[in-house]
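Structure first, then comments.
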């Protein structure tokens, strides 16, 4: 076997190992995203016990994802974003302080996008509380939405550094503006 043949064989072995890791990671991230979605649904259904159970499972999955995410970061970004969204929403619903990206152990870029996604979930909570006639709770969710949006205003960097940030920030601004109108009605 020539040096070239041996080199190609080694590359194929490395790629097979990476492919197996990637396949496992894809399954994990799908489960993580699905459980985050179910946790958020449970929060909206006022089933905090179920939401916390789902989040605990997501915490477990996140540890498994983190063990292999360096090679495949592009595959796990959505999962980190969903995780941040679910954890922030749960903290707000429980009237606790919003965790930061270091506490959640997620990259700050996905954390920021998760915050903006949470703004939409908070608007949904606000509208539900308005339907129930709970103006005080609706105002709390509106203030939380507004606080998240306002906190991110100083962040002004190019799309190459923060992909999708400005788009999501603009959507959050529209949601806050619409929520303000709905709250005043």
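Residue numbers (the working numbering): 1 to 185. Glycine residues also receive a C-beta, built at the ideal position from the N, C-alpha and C atoms. Since the structure is predicted, the reported quantities are computational estimates derived from the model, not experimental observations.
Helix, strand or coil at residue i [DSSP, three-state]
i	result
residue 171	helix
residue 117	helix
residue 156	coil
residue 176	helix
residue 70	coil
residue 185	coil
residue 96	coil
Boundaries (first-last residue) of the alpha helix (DSSP H) holding residue i
i	result
residue 30	3-44
residue 160	Counting along the chain, residue 160 falls outside any alpha helix (DSSP H), and DSSP gives it neither H nor E.
residue 138	135-152
residue 87	73-93
residue 55	48-66
residue 102	101-104
Inter-residue CB distance, residue i and residue j (contact presumed, cutoff 8 Å)
i	j	result
residue 150	residue 137	Residue 150 to residue 137, Cβ: 20 Å. No contact.
residue 200	residue 107	Shown here, the chain extends from 1 to 185; a query on residue 200 therefore has no answer.
residue 40	residue 89	6 Å
residue 116	residue 169	6 Å
residue 114	residue 91	Not a contact, Cβ separation roughly 12 Å.
residue 25	residue 68	6 Å
residue 28	residue 61	6 Å
Segment contact, 8 Å Cβ cut-off, at least three pairs: the segment 141-158 with the segment 103-122: yes
Segment contact flag, the segment 21-33 with the segment 54-64, C-beta cutoff 8 Å, min 3 pairs: yes
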